[in-house]
Every structure is written in structure tokens, then in C-alpha cells.
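**Q** Next up is a structure, given as C-alpha cells.
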Amino acid sequence: MKISLTNGIYYVYEFKEAHNHSLATGNMSQYLRSHRKVTEAQLANAEVAKSVGISNKATIDLMTKEACGPENLGFISIDMKNRLYSKRTLKAKVGDMGGVLEYMEKKVSEDVNFFYSIQVDDDDLVTNIFWTDSKMVLDYALFGDVICFDTTYRKLDDGRLFGLIVGVNNHKKTIVFGAALLYDETTDSFAWLFRTFLTVMSGKHPHTILTDEDAAMAKAIRSVLPHSHHRLCV
Numbered sequence: 001m002k003i004s005l006t007n008g009i010y011y012v013y014e015f016k017e018a019h020n021h022s023l024a025t026g027n028m029s030q031y032l033r034s035h036r037k038v039t040e041a042q043l044a045n046a047e048v049a050k051s052v053g054i055s056n057k058a059t060i061d062l063m064t065k066e067a068c069g070p071e072n073l074g075f076i077s078i079d080m081k082n083r084l085y086s087k088r089t090l091k092a093k094v095g096d097m098g099g100v101l102e103y104m105e106k107k108v109s110e111d112v113n114f115f116y117s118i119q120v121d122d123d124d125l126v127t128n129i130f131w132t133d134s135k136m137v138l139d140y141a142l143f144g145d146v147i148c149f150d151t152t153y154r155k156l157d158d159g160r161l162f163g164l165i166v167g168v169n170n171h172k173k174t175i176v177f178g179a180a181l182l183y184d185e186t187t188d189s190f191a192w193l194f195r196t197f198l199t200v201m202s203g204k205h206p207h208t209i210l211t212d213e214d215a216a217m218a219k220a221i222r223s224v225l226p227h228s229h230h231r232l233c234v
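What follows is the structure, given as C-alpha cells:
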């Protein structure tokens, strides 16, 4: 499209339909980015729900019912996720990640086989952390046929999920194979954790993995641990 310098009128000189799309209809305009917004009240409710272990999906489902449908909600799920992420980033204490890295390096100096891995996002902000030590690796080699990914410890003050990968030894005692701090409960985060765990454990897949019921986690297990039997904790 060009504008004529003589009369100021726009003229269409070329039109490529392949790069076009249908305009949003009136009853779909609320889904346009310019029309979507998470209110402070909605954000506060989501933060309270997350602090007691309610997932984002469950919170948004409830808000949708209260609003009598998604068309009245005012946002979509990714909008809430982005707002929560921004809020956590702003609330993060200065030096938190520096303290974590300092602790990890200290453990490496004490145990040459101590292993940790950190995942960062596109803005170089730390999202997920996993660590294990030489005893945990040895225990997994001996007793890693059945593992449990335990997330009952839930979240830290900054909202991160703390999880343990545990098992049982020959004395019927609980042993830890690894620990993780996860930014969120998405398939991508769980998949990263399981891939990292397999890397340090020399690629040994557990025969069975026990977890809480979580659709995102189940999808990650099917992708990363396709030969492991996935069972739910009761």
C-alpha cells in the first residue's frame, strides 16, 4: 500500500492473500492482544491460589466459570502466566541466584562428582535448577529401578516448586537421587528435569516412576521416559 503525494489518498498497488488472514469478528475481539488484560484483582487471586498449591489451570478454570465463560474473562492463560512470571522476577531478592551458585560451587569443591545444572530463559533469568551428588548417583545405580518424583514440599517463597527424586534402598529406607527447583509446572520444565536427570545417571531409565496426578508431568514422562512405567501415588 502506498500513499499518493498529490492528494494524500492511499492506493493498493499489490495484494498477496497468502500473507493475509481473516479479520476478527465482533464476538472474538476480546481475544485480541490489545483487548486482553489481567486485572490486579485477578492476579492477586492467582497468587493466593498458587501459594496453597492450586495450579494455574485450575485457577483460570474457576475464574472462567465465575465470569460465565472465557469471552467474559478478559485474558487467556498465557497472559496470566506472563504476569505471574513478571511479578516473581520483580519480587526476587537481590543475590538469591548468586547465593545458589555460590552454594553449588562450594559443593563441587567438596565433592568432585557433585553435579548441578541450571536452565535460563531468553532473558538469561534462571528458571530451573537440578543437583545431585556422588552418593545419590551411586544409590541410583543400585536402587534406581523404581523412583518417585515427590513434589509434596510444594513451593518456596518466590513461588518455585521444590521437588525430590527419591527411591527405597535394601533396608527399606527412603533415599534421595536428586533435587530440583522448578520455575513452573509445565511440560517443558518437567521434560528438562528428566532429561538432565538421565544425563547424570548415564542414561539409565527407571523401570517405574511414581508421581502425583499431573497432565503436564505425564506428557513429559511419555516424551523423555517412554520405556518407564508411569504410576500415580495414592
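Residue numbers (the UniProt record's numbering): 1 to 234.
Don't be surprised by glycine CBs; every beta carbon is placed ideally from N, CA and C.
#1: Leaving aside the five residues before and after F143 along the sequence, list all residues of the same chain whose C-beta is less than 6 Å from its C-beta, in chain order.
#2: Classify N160 as helix, strand or coil using the three-state DSSP reduction.
#3: Starting from A67, trace the beta strand (DSSP E) in both directions and tell me its first and last residue.
#4: Exposed or buried, T82, counting other C-beta atoms within 10 Å across all chains shown (16 or more means buried)?
#5: Identify which residue in A18, E47 and Q42 has its Cα closest to the Cα of R160.
#6: Tell me which residue opens and which closes the beta strand (DSSP E) that I221 is part of.
#7: Measure the C-alpha to C-alpha separation of V12 and D79 and round it to an integer number of angstroms.
#8: Just to confirm before moving on: does the CB-CB distance between D133 and D150 stay below 8 Å?
#9: Identify whether Y103 lies in helix, strand or coil by the three-state DSSP scheme.
#10: Which whole runs of the alpha helix (DSSP H) in the region 107 to 151 are 4 residues long or more, in chain order?
#11: Could you please give the first and the last residue of the uninterrupted beta strand (DSSP E) stretch that includes F177?
#12: By the three-class DSSP mapping on this structure, what secondary structure does T31 have?
#13: Hey, V208 and S228 are a contact pair by Cβ (cut 8 Å); roughly how many whole angstroms apart?
#14: Could you tell me which of G26, F75 and K219 sits nearest to T39, measuring between CA atoms?
#15: Is R231 helix, strand or coil when you go by DSSP?
#16: With 16 as the cutoff for other CB atoms within 10 Å, does E102 come out buried or exposed?
#17: Taking 6 Å as the limit between beta carbons, can you name the residues of its chain near L198, skipping five residues before and five after?
#18: Mind reading off the beta-carbon distance from F162 to M136? Whole number of angstroms is fine, and I expect it under 8 Å.
#19: Within 10 angstroms of its Cβ, does V52 collect 16 or more other Cβ (buried), or is it exposed?
#20: State the Cα-Cα distance for the pair A191 and K106, rounded to the nearest angstrom.
#21: Got a sec? Which residues, its chain only, sit under 7 Å from H35 by beta carbon, not counting five neighbours each side?
**A** If we stick to the structure as given:
#1: G167 and N169
#2: In the sequence under discussion, the amino acid at residue 160 is Arg, which differs from the Asn named in the question. If DSSP states are grouped into helix, strand and coil, R160 belongs with coil.
#3: Counting along the chain, A67 falls outside any beta strand (DSSP E), and DSSP gives it neither H nor E.
#4: As written in the sequence, residue 82 is Asn, which differs from the Thr given in the question. Result: exposed.
#5: E47
#6: Careful: I221 lies outside any beta strand (DSSP E), inside the alpha helix (DSSP H) at A215 to V224.
#7: 36 Å
#8: In this structure, D133 lies away from D150, with their beta-carbon atoms at least 8 Å apart.
#9: helix
#10: 134 to 143
#11: T174 to L182
#12: Reading off the sequence, residue 31 comes out as Tyr, not Thr. Three-state result, Y31: helix.
#13: According to the sequence as given, residue 208 is Thr; it is not Val. Correct: roughly 6 Å between the Cβ atoms.
#14: F75
#15: strand
#16: Counting Cβ neighbours within 10 Å, E102 comes out exposed, since fewer than 16 surround it.
#17: none
#18: Not quite, the Cβ-Cβ distance comes to about 16 Å (not below 8 Å), so this is no contact.
#19: exposed
#20: 27 Å
#21: S29, listed in sequence order.
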